[in-house]
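Novice: In the UniProt record's numbering, the protein residues as written are 1 to 491. Every residue, glycine too, gets a C-beta built ideally from N, C-alpha and C. Quick caveat: nothing in here was measured; it's all calculated off a predicted structure.
1) The alpha helix (DSSP H) with residue 328 in it runs from where to where?
2) Is it right to say residue 462 is buried, meaning 16 or more other beta carbons lie within 10 angstroms of its own, or is it exposed?
3) On a Cα-Cα basis, can you pick out the residue from 58, 487, 459 that is closest to residue 303?
4) Closer than 8 Å by C-beta to residue 355: which residues in its own chain qualify, once you throw out the five before and the five after it? Chain order, please.
5) Tell me which residues share the same chain as residue 246 and place their Cβ nearer than 7 Å to its Cβ, disregarding the 5 neighbours each side in the sequence.
6) Where does residue 52 fall in DSSP's three states?
7) Less than 8 Å between the CB atoms is what I'm expecting for residue 120 and residue 208, so what's the real figure, rounded?
8) Starting from residue 126, trace the beta strand (DSSP E) both ways and give me its first and last residue.
9) How long is the line joining the alpha carbons of residue 330 and residue 69, rounded to whole angstroms?
10) Taking the alpha helix (DSSP H) that residue 484 belongs to, which residues open and close that run?
11) Bridge partners of residue 427, per DSSP?
12) Is the beta carbon of residue 316 sitting closer than 8 Å to the one on residue 486?
13) Nearest to residue 106 by CA position, among 352, 433, 374, is which residue?
14) Beta carbon of residue 189, beta carbon of residue 454: below 8 Å?
15) Measuring CB atoms only, is the region 371-386 touching the region 406-424, in the sense that at least three cross pairs come out at less than 8 Å?
16) Could you name the residues that DSSP lists as bridge partners for residue 103?
17) Hey, quick one: how far does the beta strand (DSSP E) through residue 91 stretch, first residue to last?
18) Can you find the residues in the same chain that come closer than 7 Å, C-beta to C-beta, to residue 336, ignoring five residues on each side of it along the sequence?
19) Where does residue 150 sit, in a helix, a strand or coil, going by DSSP?
20) Check whether the region 254-263 touches the region 32-49, taking contact to mean three or more Cβ pairs, one atom from each stretch, closer than 8 Å.
21) Let me confirm a value: residue 18 is counted as buried when at least 16 other C-beta atoms fall within 10 Å, else exposed. Which label applies?
22) With a Cβ-Cβ cutoff of 8 Å, do residue 183 and residue 393 count as a contact?
23) Do the CB positions of residue 388 and residue 369 come within less than 8 Å of each other?
24) Residue range of the alpha helix (DSSP H) that residue 297 falls in?
25) Would you mind working out which of 193, 36, 165, 166 sits nearest residue 178, comparing C-alpha positions?
26) Straight-line CA distance for residue 426 to residue 306?
27) Quick one: residues in its chain with C-beta nearer than 7 Å to the C-beta of residue 186, no 5 flanking neighbours on either side, listed in chain order?
28) Along the chain, which unbroken stretches of the alpha helix (DSSP H) at least 4 residues long are found entirely within the region 345-371?
29) Nearest to residue 104 by CA position, among 132, 333, 75, is which residue?
30) If we count Cβ pairs, one from each stretch, closer than 8 Å, do we get three or more for the region 5-12 versus the region 285-305?
31) In the DSSP assignment, find the beta strand (DSSP E) that holds residue 247 and state where it starts and stops.
32) Using beta-carbon positions only, say whether residue 51 and residue 14 come within less than 8 Å of one another.
33) If you draw a straight line from the alpha carbon of residue 477 to that of residue 291, how long is it in whole angstroms?
34) Could you give the residue range of the beta strand (DSSP E) that holds residue 292?
35) Assign residue 400 to buried or exposed, taking buried as 16 or more other Cβ atoms, counted over all protein chains shown, within 10 Å of its Cβ.
36) Under 8 Å, do residue 167 and residue 135 count as touching if we go by C-beta distance?
See below:
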């Protein structure tokens, strides 16, 4: 319980978007409840923001980490409203909606009606050269296969192969969906990644019918972009005109009263016994790598699963956290003079199935997709490397990695121009892989934690979604959850 006449003290471990959102909403929750809160943010990095990292250089806006978010996921739009930066939102270039898949060394346009790799329009899918006639026939059998009666979790790859056949899974769905997690579909949890697929099968008896119904429902639903700039209302993806750092700058200002312990790691925490002598004993103490001890009424842990496991292992079983493996990736951004480039883009980029054997896993034609990202007379490309089972490439020396990426874009797109400059960003252990059974195991861990250590919350990309909106939503949920534990609302 709160100490009489004293503010609530919180320690947020992790300065990425999950931690920043937790801190922001802890202060908001305190204000709503008419309580006073002191929040301390701890992160081993010297800067806040985690993987969000915008480079503004020579008129370019370059994202070295994530570059956008799904506009249908509203938590990030809600946060933008709270921060007063919705006027900075921008959508993708409406003239660059086409996306390609590399198949047999050539770029093939994705069939219209493809939703998360699932065909919802039959004729364009049948006409596509991405699949053999056998593969198309297997996909069509989805209309006649009964829904599985098994209510347990399964891998995303097994589910898609069962419903649509392995060819659709490997050539279409895998390069699209695995790009989100840099993972292997046959090792990723269906329930933790795309639960709407199982729900579509269960409700409609067919994945294709179900996704088609979902598409119609989404089209008829009120837009989540109401009261936003007209230019972004019909865009599937959004970002900010000055890059995602716009949001970091606004959060940094909103959290001006939050104490930051940057370049410092939280190495342990302990739970104190209730006071029996009238002394002011905090429920928790967090030990930092500097030797400093922070008193806390509540703790929000948003660190990666492997760091969270180290903090929690002295107190409970953390097998659920240890089961979450991380994949390392990198991106290679290249800028060119348009007059030397020699290629015109009619879309936003392409994705690459594993079977193609290239170094790159995808390529975004950034200056075509995001018109704010480049001067008009320049071109910006962003190539991705590294995925589960192919991570060694991430640590190639800069010159070798650049040469491999340039070889791929030369062979695929015929680009031979010399870049004006190249920016390489390596993100080690950055992509959490949700194993089968992930939601059930992490739910058990959270329930046990809430029971035995009320006021301690674990959240972030390792749990309920890796996208920016998912992390923001989880940060807000953590803030509410910690306060409910603090004042005894959780039973």
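Specialist: Walking through what the data contain:
1) Position 328 of the chain shown, counted from the first residue, corresponds to residue 328. In the DSSP annotation of this structure, residue 328 is not part of any alpha helix (DSSP H); the continuous beta strand (DSSP E) holding it starts and ends at 325-337.
2) Position 462 of the chain shown, counting from 1, holds the residue named residue 462. With 16 or more other Cβ atoms within 10 Å, it is buried.
3) As a first step, residue 303 must be located in the chain shown, where it is residue number 303. Residue 303 has its Cα closest to that of 459, out of 58, 487, 459.
4) On the chain shown, residue 355 is found 355 positions in, with the first residue counted as 1. So the list reads 170, 171, once near-sequence residues are dropped.
5) Here residue 246 refers to the residue found at position 246 when the chain shown is read from its first residue. These residues qualify, in order along the chain: 85, 88, 240.
6) Locating residue 52 in the chain shown gives position 52, counting from the first residue. Correct three-state label for residue 52: coil.
7) By 1-based counting over the chain shown, the position of residue 120 is 120. By 1-based counting over the chain shown, the position of residue 208 is 208. The pair is a contact, with the Cβ atoms about 7 Å apart (cut-off 8 Å).
8) Your numbering for residue 126 matches position 126 in the chain shown. Here residue 126 belongs to no beta strand (DSSP E); instead the alpha helix (DSSP H) covers 122-127.
9) Within the chain shown, the letter at position 330 stands for residue 330. Within the chain shown, the letter at position 69 stands for residue 69. Spanning the two alpha carbons is a distance of roughly 19 Å.
10) Residue numbering aside, residue 484 sits at position 484 when the chain shown is read from its first letter. Start and end: 468-486.
11) Along the chain shown, read from residue 1 onward, the residue named residue 427 stands at position 427. Answer by DSSP bridge pairing, in chain order: 329.
12) For this step, residue 316 is matched to residue 316 along the chain shown. For this step, residue 486 is matched to residue 486 along the chain shown. Against a cut-off of 8 Å, the Cβ pair of residue 486 and residue 316 comes out as no contact.
13) Sequence index remark: in the chain shown, residue 106 carries index 106 (1-based). Nearest of 352, 433, 374 to residue 106, Cα basis: 352.
14) Mapped onto the chain shown, residue 189 falls at position 189. Mapped onto the chain shown, residue 454 falls at position 454. For residue 189 and residue 454, no; Cβs fall outside 8 Å.
15) yes
16) In the chain shown, counting from the first residue as 1, residue 103 sits at position 103. Residue 103 pairs with 106.
17) As a first step, residue 91 must be located in the chain shown, where it is residue number 91. Where residue 91 is concerned, the enclosing beta strand (DSSP E) stretches over 89-91.
18) Counting from one through the chain shown, the residue named residue 336 turns up at place 336. 378, 379, 417, 419, 420, listed in sequence order.
19) As a position in the chain shown, residue 150 is number 150, starting the count at 1. In the structure shown, residue 150 sits in coil (DSSP, three-state: anything other than H, G, I, E or B).
20) yes
21) In the chain shown, residue 18 corresponds to position 18, counting from 1. It counts as buried.
22) Along the chain shown, one-based indexing puts residue 183 at 183. Along the chain shown, one-based indexing puts residue 393 at 393. 8 Å or more divides the Cβ of residue 183 from the Cβ of residue 393.
23) As a working note, residue 388 is residue 388 in the chain shown. As a working note, residue 369 is residue 369 in the chain shown. No, they are not a contact pair.
24) Here residue 297 refers to the residue found at position 297 of the chain shown. Here residue 297 belongs to no alpha helix (DSSP H), and DSSP marks it neither H nor E.
25) Start at 1 with the first residue of the chain shown, and residue 178 comes out as number 178. Residue 193 is the option with its Cα nearest to residue 178.
26) The residue labelled residue 426 in the question sits at position 426 within the chain shown. The residue labelled residue 306 in the question sits at position 306 within the chain shown. Each residue's Cα considered, the two are about 19 Å apart.
27) Within the chain shown, numbered from 1, the residue matching residue 186 stands at position 186. Closer than 7 Å at the Cβ level, and outside the excluded window around residue 186, lie 155, 157, 158.
28) 366-369
29) For the purposes of this step, residue 104 is identified with residue 104 of the chain shown, where counting begins at 1. Checked all of 132, 333, 75; the closest Cα to residue 104 is 132.
30) Yes: at least three Cβ pairs fall under 8 Å.
31) As a position in the chain shown, residue 247 is number 247, starting the count at 1. Taken as a continuous stretch (DSSP letters only), residue 247 belongs to no beta strand (DSSP E), being part of the alpha helix (DSSP H) at 245-254.
32) Numbered from its first residue, the chain shown carries residue 51 at position 51. Numbered from its first residue, the chain shown carries residue 14 at position 14. No, the pair does not count as a contact, with Cβ atoms beyond the cut-off.
33) For the purposes of this step, residue 477 is taken as the residue at position 477 of the chain shown. For the purposes of this step, residue 291 is taken as the residue at position 291 of the chain shown. Counting only the Cα atoms, residue 291 lies some 30 Å from residue 477.
34) Numbered from 1 along the chain shown, position 292 holds the residue referred to as residue 292. Counting along the chain, residue 292 falls outside any beta strand (DSSP E), and DSSP gives it neither H nor E.
35) Taking the chain shown and counting its residues from 1, one reaches residue 400 at position 400. So residue 400 ends up on the exposed side.
36) Numbered from 1 along the chain shown, position 167 holds the residue referred to as residue 167. Numbered from 1 along the chain shown, position 135 holds the residue referred to as residue 135. Yes, Cβ-Cβ distance for residue 167 and residue 135 is below 8 Å.
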